[in-house]
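> A single structure is presented below for examination.
6 protein chains.
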Amino acid sequence: MLKKIVLTGAAGALGSALREPLSRMCERLVSVDLKGAPAALAANETWTVADCAEMEQVAPVLEDADIVVHFVGIPDERPFEELLRPNFLSSYVIWEAAHRAGCRRIVYASSVHAVGMHETNAGIDTDAPHRPDTFYGLSKCFAEDLARLYWEKRGLEAVCLRIFSATEQPQTPRALGTWLSRGDLVHMVERAVDTPTTGFCVVYGVSNNDRAPVSNAKVAFLGYRPKDNAEVFAQDILAKAHTPDPQNLAQMRLGGPFATVPLGESGVAGMAKLVKGS
Amino acid sequence: MLKKIVLTGAAGALGSALREPLSRMCERLVSVDLKGAPAALAANETWTVADCAEMEQVAPVLEDADIVVHFVGIPDERPFEELLRPNFLSSYVIWEAAHRAGCRRIVYASSVHAVGMHETNAGIDTDAPHRPDTFYGLSKCFAEDLARLYWEKRGLEAVCLRIFSATEQPQTPRALGTWLSRGDLVHMVERAVDTPTTGFCVVYGVSNNDRAPVSNAKVAFLGYRPKDNAEVFAQDILAKAHTPDPQNLAQMRLGGPFATVPLGESGVAGMAKLVKGS
Amino acid sequence: MLKKIVLTGAAGALGSALREPLSRMCERLVSVDLKGAPAALAANETWTVADCAEMEQVAPVLEDADIVVHFVGIPDERPFEELLRPNFLSSYVIWEAAHRAGCRRIVYASSVHAVGMHETNAGIDTDAPHRPDTFYGLSKCFAEDLARLYWEKRGLEAVCLRIFSATEQPQTPRALGTWLSRGDLVHMVERAVDTPTTGFCVVYGVSNNDRAPVSNAKVAFLGYRPKDNAEVFAQDILAKAHTPDPQNLAQMRLGGPFATVPLGESGVAGMAKLVKGS
Amino acid sequence: MLKKIVLTGAAGALGSALREPLSRMCERLVSVDLKGAPAALAANETWTVADCAEMEQVAPVLEDADIVVHFVGIPDERPFEELLRPNFLSSYVIWEAAHRAGCRRIVYASSVHAVGMHETNAGIDTDAPHRPDTFYGLSKCFAEDLARLYWEKRGLEAVCLRIFSATEQPQTPRALGTWLSRGDLVHMVERAVDTPTTGFCVVYGVSNNDRAPVSNAKVAFLGYRPKDNAEVFAQDILAKAHTPDPQNLAQMRLGGPFATVPLGESGVAGMAKLVKGS
Amino acid sequence: MLKKIVLTGAAGALGSALREPLSRMCERLVSVDLKGAPAALAANETWTVADCAEMEQVAPVLEDADIVVHFVGIPDERPFEELLRPNFLSSYVIWEAAHRAGCRRIVYASSVHAVGMHETNAGIDTDAPHRPDTFYGLSKCFAEDLARLYWEKRGLEAVCLRIFSATEQPQTPRALGTWLSRGDLVHMVERAVDTPTTGFCVVYGVSNNDRAPVSNAKVAFLGYRPKDNAEVFAQDILAKAHTPDPQNLAQMRLGGPFATVPLGESGVAGMAKLVKGS
Amino acid sequence: MLKKIVLTGAAGALGSALREPLSRMCERLVSVDLKGAPAALAANETWTVADCAEMEQVAPVLEDADIVVHFVGIPDERPFEELLRPNFLSSYVIWEAAHRAGCRRIVYASSVHAVGMHETNAGIDTDAPHRPDTFYGLSKCFAEDLARLYWEKRGLEAVCLRIFSATEQPQTPRALGTWLSRGDLVHMVERAVDTPTTGFCVVYGVSNNDRAPVSNAKVAFLGYRPKDNAEVFAQDILAKAHTPDPQNLAQMRLGGPFATVPLGESGVAGMAKLVKGS
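Residue numbers (the UniProt record's numbering), protein chains in the order written: chain A, 1 to 278; chain B, 1 to 278; chain C, 1 to 278; chain D, 1 to 278; chain E, 1 to 278; chain F, 1 to 278.
Have a look at this one:
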C-alpha cells in the first residue's frame, strides 16, 4: 500500500469524487485546494489550503508523497492571462516540487482539449499530435510536454488522463461518444495509481460508450476498462438534439463547442447552450 | 425525428430488410425500386417505381428528403457494360440529385469488394486503399470516391457501408469471418442514419464474428457494435468445408471467390459452388 | 526495342510533345486521336482517327501493341455527363482492348486532381488516398482503380502519371511547386515505357522544383529524375502574384483552383484568371 | 477432420496440455519428445521418442502429417551453444522435414522474447519489428523468419504464437498483463489449427487480461478470443509486489526479467526471484 | 513586395544575420530588441527597443505588419523561472499582438530542442512528436502548439523553424550533421517569408550536410534547399573528436549535450566543453 | 585515429576492396580469412588465417580491436547445412568475441536478401520487416537480429550494410537499380567506421542510381551519399535485356533471381544466366 497520495484540486467537481477512492489506496491522503476543507474527511485524509502555483506552499505538502494526483486548474476556457497561474504555472510547480520531494509519479487531469481540433471521425489514438482548441487545451499540451520532459530527464513518471465529458450524465449528442462516468473516472484514476510502473503515457478518459470516438489500444497495459455506456441515454438525447450541421466544427471536432468558441471565452457556456438546444 | 428518408433498391434482399426499421426512424419513408410495390407497406411508407440512373425519375423522389439510403445496384459481378447504368451511373445520379434536393446525407451500400484483393490475414482497417476484385468492386470504389468528392466540395455527408456476407446464415469457412447478420445490418444502417454528423466515412459491415478479419476502430464514433457471431455455426461449417488451399486467392483474400472469378463473370455463382463443396 | 506503341490523345497539347520521343522507342508508333493527322509524322508513325470510347474503333488499333500511352481525355473540369465518354468510358475501353490484344502495359495520363483536395503543406507521397477535387479528378481515380484491377486480376501493368502543371512555363505561385516541364514530361514517359517491369504504380509528374510539394520516394525504382526547376521563374512570378489568402482552398490544396471551382465548371478558366492576377 | 497432427515437445509443460485437445482435432495424433511416453495416451495418440534436431529421426514421424504443432525447445535463456540444437536447429529440421513431407502448416511456439525489448507501454501490435531480449528470444526470431521464408518460397503455412506467461496462475505484477491461461493457450492452438488457411502470421499469446499490453487486431481473422483475465488475481499480487522501479528495464519492457538478465543466464530464475519478492 | 516585416530579437546572433536580407524583402523593416540600435541600419529599417513579453510595448510595433519574424528569447537552457518571460510569455504576447494587428504570418525561431530526446539514428521527420530535452526545448514546444492553435482558430499562419546548430562553422562531430550555416539560415527565412501561403508548418533548420539526421520531405513545398555542407570540415573535426560513447545520450540524441544537461543548467556551456574536447 | 580494425573475409571479392581504405583509417589493420595472405599487404596490415566460426581462433585476433568489419561468409545461396558454420555461426562467434574483447562496433556485410521478397515497386525503407528470399538471406536476418540483441543488452554497436549488387559494373536491368559500385562500397564502409556513434542501424548498399528502389532516408545521419549511377550503362543493358515478365518474381522482387531460386540452390548462377540473356 502506498504511504502517501496528494490530491490537488480536491474541492473541484472531479477532485471531490476522487477523495474517497484515493483514501482507500494509501495510508495518508493529503487533499489540497484553494478552498477550505469540506465537512467530512476520510479517516486518513488531511486537508491543506494551498495555491499550487506557489512553490513555498506546495513543497511541504509533497514531502514523502509517492504519487500526486494533480487535478487543480480552471476547467474551462479563459483569457490566457487568467489561466497562466492556475493551469500553466501550477503544473510547473507541481512537477518541480514532486521531483524535489522524490515522488514517483504524477497522475494528471489533462483533457480532450489538448487534441480538440482533430476530426471526430478520424478515430485518433493516443499517438495523435497535439491540436489544442483553446488556451485551456494549450495548458494541457504544456503540462503533457512538461510531463514527458521530467520523465525523460528525471525519471518522474506521469499518466496524463485526457478527460472528455466528465458529467453526471451525458447531455448532448456529442456526449454519447465523449461521456466519462464518475465510476469510470474513479476506475481510471485507480489504475493510473496502482499500475506498478507506467513511465510517461497518455490515456483517453471516456466511458465504454458505443460511440466513443478515440482508441486507448496503445495504452492497454494500464488496464483501463470502462464499464458505463452513454448509449442508454441515446434515445432521449437524440430526440431533442439540435439540428445536425456538418459545417459546424463544434459538431465535427473532438473538442465540440471548444473547437469554435473564440479564444478566451468560456466553452462550458457554449456547451450549456447546446444542452438547452439553442 | 427525420422528415423523410428515401430508400433505393427497396425490393432487393437487403433493401427489403431495411424498410420496416427505416420507417420507424422518419415521418415518411419513400421506397424506390425498378420493381413494383410489395403486398404490404409500412403505414408511413410510399412506394415509387423508378430507374435510379435517370435523373428525371430520381429528382422528384428526393425532394425534401433528409437522408437517402442508397441500396440500388446489381449485387454481383457482371460485364462492365451491364453494371454501368445500375451501379455506376445510378450512384452519380443519386448523389447529384441529393445535392440538388438539399439532402443531408447518403448511406451507401458499398462492399468488401472495393478492397477485395487485400490479404485476409493483413488485418486492414478503414484506411486501406482501394483494391477492387471485380468490376462490381470497381463500381463501389467509384461511388466511394464520388461520395468523398461531394462531401469535400458540397458538404453532402456519406456513410459508405462496406458490406461483407449479408446472408441469413454463414455458409462457408470464409463467412465465419465475413458474415453480416440481418440484425447487425439493420443496426449498422440505424447508426449510419441517427449519428448526428458523420462527414464522409467508411465502415465495414461485418458481425461480431470471432474471426472478423477487418477493424472498424477508426470509425468507432459511429457506434456500430454488432451483436451476432458466426462462430455458433463454426463446427458445422468447418466439418464439411472444402479442402484448404493457401495458393488459392479465393481463400486468402478478403473478396473470397470474387478474387479469382474472371472479370465479368458472376462471383455469387462461385460462392454458391463453394457452399456446395465443389 | 519495342515492336509497337500506341499513343492516344496524340493531337493534344501533351500528346503532341510525346510523339517524337515515343517514335524513337519502338519500331512502329500508332498515334490515335479524334482529330486528323498533323502535317508531319515521324518516319515510323501511323495516324489513326478513332474514338477511344468505342471498342470497335480501338480494338484493331491495339493489335500487337506492346504498350499503350493513354493520354486521351478532356483535360479540364466539365459536367459529369460530358466527361463520361471521353474520360471514364475511354479508359475502360482502352484497358479492356489492351487486355484482349495482349498488351503488356498502359502508361496513363492521370492527374494531381485525383488527390487535389489534399493539403499542399501535408507533403503526401504516392500512398495517399484518393481525394478528387472535381469530376475530372474523379475520372482519374476511376482509371487508377481500374488499372489496379486489371493488374491484379489480369496481369496488365500500369504506370499512372499524376501530372501536375504541364505548361510551357510556370505562371502562378502554385506552379513554382507544381510545374512539369516538357522535358521532364518526356523523360517521365520514357522511364514509364523503358522500365522492364512495373506492375501497377503511381508517380507524381512534377519537375525538380525547389517547391515541389509531393514525394516520389516510393517509386524511385522508376528512375524518374526530373531536371528542370521552376525556381528560375520565381522572382518574376512572386513579384506579380495575387494576394496570399490561406483561407482560400485554391491556395492551400494540391488541386489549386480546382479545389474551389464548382463541380462541372472549368478549372482551367479559373487558373487562367489567376494568371491574370484577378 | 485432419488426418494427422504431429506435436513436438509433447512432454513439456505446454505440450502436455495440448495433447488431449489436439487428439480431438484429428484422426491420429503423434506426440514427439526426447522423453519417453507418459502413463496414459489418448486413444488415437502415438508417442515417439525423437530428437527434433535430427532429420533422420524427424522425417519418418512427419510422413502424411497435415499439421505440425512445434513446441520443442528449451523454454529459457541459456548460452547460445546450448540453445543451438534444441531451439535453432530443431526448427530448421522441422520446417525442412515438413516441407518434404508435404505438410500444410506449422503451428509454432514462438515467444514474447522475440520482441522482449519493446517498451511495455508502447502498445505494439503484431507488426512490430524483432527486438529479442536473449539468445532464447533470438531463436524465436530465427524460427519466425524461417517460417516466413518457407511460406513465401514453398507455400508452407505457419502460425507463430508469441506466448507470454503461460503459467497456471499469474504470479507477478507483470503477469497481470502477460498471463496466458491454460484454457486460452488451448483455444489459441485450436484456432491456429482449425482456421482453414492462414499463410504466415504471428499472434500474441495473452489471455483476455485487463492489462494485456499488446494487440492482436491485425490477426483478428484467426478468431483467437481469450476468455480468462488475470485481473481476478490483481489484488493479491499487487499487495505483495516488489517495489516499482521505472528505471529497471525488467519492469518496463515486454520481456520482463529477460530484458535485464545477462545473455546466457536463466531468465526463468530471474522471474522466480521476482515472485518471491526479492 | 511586403509592406512591413517586424523582426524580434534583432540584436541576437541570428537576428543580426537576418536584418539585411529581410530589409530587402519589404518596404519597411522594424527591428525589435531589448538592446539598443546598432551603429548601422538598413535604409528602410527602424529600430525599436521593446520587451516582447509586454503587450503594451509590442502592440504598437506590430501595427500594419504583414509578417513577424520572431527570434526573441534566451537561446540556452535556464531555470524555468528565468525562461518564463523571455521565451514563454513573449511568444504568447507576439502571437496575440499579431492577431490583433491583423498580421498574416509569424516565422518563429523554434529549435531542435523541442524534439531533442529523439534518437539521432531514428531519422525522424517533421511529424515526430514533441520530446523536449530542456525547459528551453519546452518553451519551443509551447510556442509551436500556440502557433497551431492560432492557425486553427484564427487563421494566423506560422512557420516554425527548428533550428539546429547555427554557428559560423561546425565544431563538433554532432555538428557535422546538425550544422546550419548562416547562408542557409537566411535562405530558410526567405522561403518562410516569400512562400505565398503556408498555414501552420514546421521545418528543420539544418544545412545540406551529408550527415543531416532529419528529413524535411513533408514540407518540401516550402522550397527550402540548403546549399552548405558541414562535411568539408569533417576531417579536422573527427581528428580531434572526443571519445565516442554510445552510452552517452549527449552523443545519441538529437539534442546533443542538452539531452544530458541537468534541467535549468546551461547546455551551451556543455557544448563549449565538448568543443574543447573535455 | 582508430587503434585497430579487424577485417574478416579479407580475401573475398568485397573484402579485398576494403583492405587498403581501411588500412588508412587505423593504426593497425588485421585482415582475416580462411585463405592465406595475398602477395602485397598494406604497411600497417597483418594477415591472419582463421576460421571465424571457431571462438579459439577468433578471440586472439580481436584483442584490442576497436571495430570489426565482418565480411566473412559464403556470398550465395547454399543448402542450410552448408551455410550454418560460415554464415550463421561465424556471426555469433564474431559478436561474442567482439563483446569479450571490448570492441566498440561491428560493421556487417548484410544483404538485400534479408528483405529480398519485398516488391521492388514498394519503395521500402530501412524499417521494412525481414522477408528473406533464401537461406542465405535468412543468415543475414539472423545476424541483424543478433546485432540488435548485442546492442540492446551489451552496448555493442552495429552497422548492418544491406549490400545489393556489388559488381564491377551493372550487368542486368535489375542492376540499373541495385548496383553498388566499388567506390560507393568503400565510401559506405568508411562512414560506417568513422561515424562517432551509431547504435544499431541498417543501411542499404546501393549506388546513387536513378532507379535505386529503396530509401536510406531514416539513416541519413550516417552520411552515406553515393556518387556512382548505373544509369550510364542503361542504354546498353536495356538493349540486350531479357523479355520483361511481370509474372516472374525474379523481375518483381528486390531479391531478383534469389526470389525464385529453389532454396539451397545457387542464386548467383541464376543471375549469371540472366546476364547471358537466357
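Ideal Cβ placement from N, Cα and C applies to all residues, glycine included.
For residue 194 of chain E and residue 25 of chain E, which I take to be in contact (beta-carbon distance under 8 Å), what is that distance rounded to the nearest angstrom?
Their Cβ separation, rounded to whole angstroms, is 7 Å, which keeps residue 194 of chain E and residue 25 of chain E in contact under 8 Å.
> Mind pulling the chain F residues with CB within less than 8 Å of residue 60 of chain C?
Result: empty, since nearest Cβ-Cβ is about 25 Å, beyond 8 Å.
> Closer than 9 Å between beta carbons: that is the criterion. Which residues of the region 180-209 of chain E meet it against chain C?
Cβ contacts with chain C: 191, 194, 195, 196, 197, 198, 199, 200, 201.
> Between which two residues does the beta strand (DSSP E) holding residue 109 of chain F run?
105-111
> Is any heavy atom of the ligand SAH found at a distance shorter than 8 Å from the C-beta of residue 85 of chain E?
With respect to small molecules bound, the structure shown includes none, and the ligand SAH cannot be examined in it.
> Alpha carbon to alpha carbon, how far is residue 111 of chain A from residue 219 of chain F? Give it in angstroms, no decimals.
36 Å
> By how many angstroms is the C-alpha of residue 136 of chain F removed from the C-alpha of residue 80 of chain F?
8 Å
> Which partner residues does residue 32 of chain D have in the DSSP bridge list?
D/8, D/48
> Leaving out five residues on either side along the sequence, give the residues of the same chain with a beta carbon under 7 Å from the beta carbon of residue 263 of chain D.
Hits under 7 Å: 134, 135.
> Could you tell me whether the region 48-67 of chain B touches the region 95-110 of chain B, using the rule of 3 or more Cβ pairs below 8 Å?
yes
> Between which two residues does the beta strand (DSSP E) containing residue 157 of chain A stretch?
Annotation for residue 157 of chain A: the continuous beta strand (DSSP E) segment containing it runs 157-163.
> List the whole-angstrom C-beta distance separating residue 176 of chain F from residue 230 of chain F, where the pair is believed to meet the contact cut-off of C-beta under 8 Å.
5 Å
> Taking residue 255 of chain C and residue 271 of chain C to be in contact with their CB atoms under 8 Å, please state how far apart those CB atoms are, rounded to whole angstroms.
Incorrect: roughly 10 Å between the Cβ atoms, too far for contact.
> Residues of chain E with CB closer than 9 Å to the CB of residue 157 of chain F, please, in chain order.
Result: 244, 246.
> Within its chain, find whatever has a CB closer than 6 Å to the CB of residue 95 of chain D; leave out the 5 residues flanking it on each side and keep chain order.
Hits under 6 Å: 146, 150.
> Less than 8 Å between the CB atoms is what I'm expecting for residue 170 of chain D and residue 233 of chain D, so what's the real figure, rounded?
A Cβ-Cβ distance of about 5 Å is found for the pair residue 170 of chain D and residue 233 of chain D, placing them in contact under the 8 Å criterion.
> Relative to the C-alpha of residue 190 of chain B, which residue among B/201, B/22, B/10 is closest?
B/22
> With a cut-off of 8 Å on the beta carbons, I'd call residue 139 of chain E and residue 88 of chain E a contact; round off their distance for me.
5 Å
> Anything in chain C within Cβ reach of residue 7 of chain B, meaning under 7 Å, just list it in chain order.
Ordered by position in chain C, no residue passes the 7 Å Cβ test against residue 7 of chain B, which lies about 24 Å from the chain.
> Taking 9 Å as the CB-CB cut-off, is residue 271 of chain E touching chain A?
no
> With three or more C-beta pairs closer than 8 Å as the rule, is the region 198-217 of chain C touching the region 32-44 of chain C?
no
> For residue 280 of chain B and chain C, any beta-carbon pair shorter than 9 Å?
A question about residue 280 of chain B goes unanswered here, because the residues of chain B that appear run from 1 up to 278.
> What residues in the region 17-35 of chain E have a beta carbon less than 9 Å from any beta carbon of chain A?
none
> Quick one: Cα of residue 61 of chain F to Cα of residue 204 of chain D, how far?
The straight-line gap from Cα to Cα measures roughly 42 Å.
> Considering only C-alpha positions, which residue in the set A/27, A/53, A/11, A/55 is nearest to residue 39 of chain A?
Checking every option, the nearest Cα to that of residue 39 of chain A belongs to A/11.
> Taking the straight line between their C-alpha atoms, what separation do you get for residue 242 of chain F and residue 196 of chain C?
9 Å
> If you draw a straight line from the C-alpha of residue 115 of chain B to the C-alpha of residue 56 of chain E, how long is it?
59 Å
> Interface residues of chain F around residue 173 of chain E at Cβ under 7 Å?
196
> State the start and end residues of the unbroken alpha helix (DSSP H) segment that holds residue 256 of chain A.
No residue range can be given for residue 256 of chain A, since it is assigned to no alpha helix (DSSP H) and is classified by DSSP as neither H nor E.
> Using only the alpha-carbon positions, how far apart do residue 248 of chain F and residue 153 of chain D sit?
13 Å
> With which residues is residue 69 of chain F paired in a DSSP beta bridge?
F/7, F/107
> Keeping to the same chain, check which residues put their C-beta closer than 7 Å to that of residue 245 of chain B; ignore five residues upstream and five downstream.
Sequence-distant Cβ neighbours of residue 245 of chain B in its own chain, meaning closer than 7 Å and more than five residues away, are 251.
> May I have a chain-ordered list of the alpha helix (DSSP H) segments no shorter than 4 residues that lie completely inside the region 173-209 of chain E?
173-178, 182-194
> Here's a check: name, in chain order, each residue in its chain whose Cβ is nearer than 7 Å to the Cβ of residue 118 of chain B, leaving out the five neighbours to either side.
Here the set comprises 124, 128, 131, 253, 254.
> Return yes when the Cβ of residue 73 of chain D is within less than 9 Å of the Cβ of residue 90 of chain D, no when it is not.
yes
> Pick out whichever of C/215, C/224, C/148, C/30 has its Cα sitting closest to the Cα of residue 157 of chain C.
Ranking C/215, C/224, C/148, C/30 by CA distance to the CA of residue 157 of chain C puts C/148 first.
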